[in-house]
Amino acid sequence: MQDRPRLRADARRNRDRILACAHTVFSEQGSDVALEDVAKEAGVGIGTLYRHFPNRAALLEGLLHQRLSQLDTFANQLLAEEKSPGESLIAWHLRVLEHLSTYRGLAASLTGPGTTPSPLHVACHTAQQSGAALLAKAQAAKQARPDVTAAELFLLTAGAAWAAEQGLDDSVTGEQLLRLAFRGVLH
Numbered sequence: 001m002q003d004r005p006r007l008r009a010d011a012r013r014n015r016d017r018i019l020a021c022a023h024t025v026f027s028e029q030g031s032d033v034a035l036e037d038v039a040k041e042a043g044v045g046i047g048t049l050y051r052h053f054p055n056r057a058a059l060l061e062g063l064l065h066q067r068l069s070q071l072d073t074f075a076n077q078l079l080a081e082e083k084s085p086g087e088s089l090i091a092w093h094l095r096v097l098e099h100l101s102t103y104r105g106l107a108a109s110l111t112g113p114g115t116t117p118s119p120l121h122v123a124c125h126t127a128q129q130s131g132a133a134l135l136a137k138a139q140a141a142k143q144a145r146p147d148v149t150a151a152e153l154f155l156l157t158a159g160a161a162w163a164a165e166q167g168l169d170d171s172v173t174g175e176q177l178l179r180l181a182f183r184g185v186l187h
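Under the UniProt record's numbering, the residue at position 145 of the sequence shown is numbered 145, and the numbers go up by one with no gaps.
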């Protein structure tokens, strides 16, 4: 999540409008909706959208920038608390699950194949580092298996979000799946 050059006021308004409309459209229709639909909803041309966000991953990264910052802040709060490290670890992953569930299709786009890291993958890797600190604390307290990595837990969380999103069994939620999986992670 690199610093962006300062934008003219009208360009800033367009960018903000694109992000607001993308949030609405992605929340309602999923993150794989045509970007032309986002541009139309924002009242801008597709060229304007691509000038600000060269691809879908960049648009998702723009949307998630604030959410990922919130995850980092939440991790730091959990690290500072006197709470059980294992409880803190699962609390953070439940928050990640909540964020991944905001836009249908997001979990799949984070775990999909790619030869070069997109801004979205880089941003999520940064978020994983917050989870890594919580995992290390839980492992040091002997509350989490020593052979588990932060990347594995992030993928596990994304998998729970994806599975719940598929709606194969309406009685099973992403939180239930994640808590079930964490029974094998926490002591």
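Ideal Cβ positions, reconstructed from N, Cα and C, are used throughout, including at glycine. Just so you know, these numbers come straight off a predicted model, no measurement behind them.
Under 8 Å between C-beta atoms of residue i and residue j
i, j, result
"L134", "A42", "no"
"A108", "W162", "yes"
"A151", "V185", "no"
"V172", "A181", "no"
"G86", "A9", "no"
"L106", "S31", "yes"
"L97", "G174", "yes"
"R104", "L71", "no"
"T73", "S27", "no"
"K142", "H187", "yes"
"L89", "R56", "no"
"V33", "V25", "yes"
Integer Cβ distance of residue i from residue j, believed to fall under 8 Å
i, j, result
"A160", "L177", "4 Å"
"L63", "H23", "6 Å"
"L49", "A58", "Actually they are not in contact, since the Cβ atoms of L49 and A58 sit about 10 Å apart, beyond 8 Å."
"G131", "L153", "6 Å"
Boundaries of the alpha helix (DSSP H) in which residue i is found, first to last residue
i, result
"P146", "Where P146 is concerned, there is no enclosing alpha helix (DSSP H), given that its DSSP letter is neither H nor E."
"G174", "G174 to F182"
Any chain D beta carbon closer than 8 Å to residue i
i, result
"S130", "Of the protein chains in this structure there is only one, and it is not chain D."
Unbroken stretches of the alpha helix (DSSP H), 4 residues or longer, contained in the UniProt domain "HTH tetR-type" (12 to 71): 35 to 42 and 46 to 52
Stretch-stretch touch, CB-based, cutoff 8 Å, three pairs: the region 15 to 32 with the region 47 to 67: yes
Secondary structure, alpha helix (DSSP H): runs of 4+ residues fully inside the region 69 to 102: 85 to 100
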